[in-house]
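Heads up, the thing below is written out as structure tokens.
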Amino acid sequence: MKNMRKFTLGVITALILMLFSSMIVGAEIEKILVQSPPTVGALPLIWIKESGVLADQVELEISISPDHQRGLSLIAQKEIEMLVTGVNVGAKAYNRGIDIRLLNTNIWGIDYLLTSGFKAESWSDLEGKTLSLPLQGGPLDFLARYFLLKNGVDPDRVEYVYMPSNNGARTFQLGQLDAIVLPEPMVTITLKNYDQAVLSLDLQEEWGKLHGGDERIPFVGLFARGDFAESRPELMKTINEYYRQGVDWVKANPAEAAALAAEYFDQPAPIVQESFARINLNIYPIEETRELIELYFNEILTLYPEMIGGQLPDEAFYIQAD
Numbered sequence: 025m026k027n028m029r030k031f032t033l034g035v036i037t038a039l040i041l042m043l044f045s046s047m048i049v050g051a052e053i054e055k056i057l058v059q060s061p062p063t064v065g066a067l068p069l070i071w072i073k074e075s076g077v078l079a080d081q082v083e084l085e086i087s088i089s090p091d092h093q094r095g096l097s098l099i100a101q102k103e104i105e106m107l108v109t110g111v112n113v114g115a116k117a118y119n120r121g122i123d124i125r126l127l128n129t130n131i132w133g134i135d136y137l138l139t140s141g142f143k144a145e146s147w148s149d150l151e152g153k154t155l156s157l158p159l160q161g162g163p164l165d166f167l168a169r170y171f172l173l174k175n176g177v178d179p180d181r182v183e184y185v186y187m188p189s190n191n192g193a194r195t196f197q198l199g200q201l202d203a204i205v206l207p208e209p210m211v212t213i214t215l216k217n218y219d220q221a222v223l224s225l226d227l228q229e230e231w232g233k234l235h236g237g238d239e240r241i242p243f244v245g246l247f248a249r250g251d252f253a254e255s256r257p258e259l260m261k262t263i264n265e266y267y268r269q270g271v272d273w274v275k276a277n278p279a280e281a282a283a284l285a286a287e288y289f290d291q292p293a294p295i296v297q298e299s300f301a302r303i304n305l306n307i308y309p310i311e312e313t314r315e316l317i318e319l320y321f322n323e324i325l326t327l328y329p330e331m332i333g334g335q336l337p338d339e340a341f342y343i344q345a346d
């Protein structure tokens, strides 16, 4: 009986220790809330989550939403830790006092000029035509006007029609617009759905013609809340490294990556997979990234300074996580 009591006590002690141990392990798993639009730049994060490569350290909770302003508000209110958004959007928020920092820039090419029933060989072919853009004063409005000016065309000789890309694409497919600038995968969808659509100009190629052949335009970045990034420098490095591996995985496994896009973004997997060929998904060392961003931003300052908050962001904007 005495031995039985010792045995029972031992079992109870072991169970308590196991329970305590599991509670400690559970407490070590940190939840990181991330918001992203339905873009290929989110796929490396989704790969991190789905593959479980960080499951012993953090739990990524990814919310897919196209509402960039809501994402900035959640960052400001400390309700999320990370955000995927436009590099100019993050810079403008930072310059206006929101504590947001850039971990990496990941989409460097995604936008194209489509024309209806004719091929634009140059920007001068848009004179007197209607051109649909998603946002007045936004990145694509800047780029269109910038390319027109650099090619000797008065931007006022083009008729701009501003509407969200989805609405613009539908209107374009009805034959009611001469030209439109769209991102992938909407380019692929439009080319398949509208037989008069012509892929006329690659905006990245056009940028390269003016910048020594370097076609990289810093469109989309992965940002972290400033206080979170400063308190967790090693975690920032870890996430950035696994994000880099996620980029490699997307490139090596386009069918599987497209399946994740279908699951998370509700986009047709075959369309997404085809669109990868026209998307430049990469990350580079932060100093190289900063040089490319400042090149882009300096051009923006000549036309639309408020697009980035009126000035270049300072060094603290860039998280050192290489």
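Using this note's numbering, the letters of the sequence shown map in sequence onto residues 25 to 346.
Glycine is no exception: its CB is placed at the ideal position from the N, C-alpha and C atoms.
Tell me which same chain residues have a C-beta within less than 6 Å of the C-beta of residue i, skipping the five on either side of it?
{"i": "A66", "result": "S60, V108"}
{"i": "L201", "result": "T154, S156, T195"}
{"i": "Y218", "result": "Q197"}
{"i": "P68", "result": "Y267, G270, V271"}
How many angstroms separate the CA atom of residue i from the CA atom of residue j?
{"i": "D178", "j": "Y266", "result": "45 Å"}
{"i": "A221", "j": "M210", "result": "12 Å"}
{"i": "D135", "j": "L159", "result": "14 Å"}
{"i": "V296", "j": "A285", "result": "7 Å"}
{"i": "F341", "j": "Q335", "result": "12 Å"}
{"i": "I241", "j": "E315", "result": "11 Å"}
{"i": "E230", "j": "L96", "result": "31 Å"}
{"i": "E103", "j": "A282", "result": "29 Å"}
{"i": "N264", "j": "G245", "result": "12 Å"}
{"i": "G133", "j": "S299", "result": "12 Å"}
{"i": "P278", "j": "P62", "result": "16 Å"}
{"i": "E83", "j": "V58", "result": "10 Å"}
{"i": "A117", "j": "Y170", "result": "23 Å"}
{"i": "G237", "j": "Q101", "result": "41 Å"}
{"i": "I317", "j": "K143", "result": "31 Å"}
{"i": "Q291", "j": "V64", "result": "11 Å"}
{"i": "K216", "j": "P294", "result": "12 Å"}
{"i": "T313", "j": "I213", "result": "31 Å"}
I'd like to check one pair, residue j with residue i: are the Cβ atoms closer than 8 Å?
{"i": "D123", "j": "R249", "result": "yes"}
{"i": "A193", "j": "K153", "result": "no"}
{"i": "S189", "j": "L206", "result": "yes"}
{"i": "S140", "j": "M187", "result": "no"}
{"i": "E85", "j": "I53", "result": "no"}
{"i": "G333", "j": "N119", "result": "yes"}
{"i": "Q228", "j": "N304", "result": "yes"}
Starting from the C-beta of residue i, find all residues in its chain whose C-beta is less than 7 Å away, skip the five residues before and the five after it, and write them out in chain order.
{"i": "I99", "result": "L107, I122, I124, R249"}
{"i": "T337", "result": "Reading off the sequence, residue 337 comes out as Pro, not Thr. Within the same chain, P337 has close Cβ partners A115, Y118, N119."}
{"i": "A168", "result": "L155, L157, V205"}
Check the C-beta distance from residue i over to residue j and give it rounded, since I have them as a contact under 8 Å.
{"i": "F247", "j": "G162", "result": "So it is not a contact: roughly 18 Å between Cβ atoms."}
{"i": "I307", "j": "V271", "result": "6 Å"}
{"i": "A345", "j": "L127", "result": "6 Å"}
{"i": "L172", "j": "V182", "result": "7 Å"}
{"i": "W273", "j": "W71", "result": "5 Å"}
{"i": "F243", "j": "V111", "result": "6 Å"}
{"i": "M260", "j": "I324", "result": "27 Å between Cβ atoms; not a contact."}
So, for residue i: in the same chain, excluding its five sequence neighbours on each side, which residues have a beta-carbon less than 8 Å away from its beta-carbon?
{"i": "E74", "result": "L284"}
Requested in this report: Any chance you could list the beta strand (DSSP E) runs of at least 3 consecutive residues sitting entirely within the segment 176 to 203, in chain order?
Outcome: 183 to 186
Report task. Could I get the ranges of all uninterrupted beta strand (DSSP E) runs contained in the segment 100 to 136, with 3 residues as the minimum, in chain order? Result -> 106 to 110, 124 to 133
Query raised in the report: Where are the alpha helix (DSSP H) runs, 4 residues long or more, that stay fully inside the segment 243 to 300, in chain order?
Result: 250 to 255, 257 to 276, 278 to 289, 293 to 299
Requested in this report: Please list the segments of the alpha helix (DSSP H) lying wholly inside the segment 52 to 92, counting only runs of 4 or more residues, in order along the chain.
Outcome: 67 to 75
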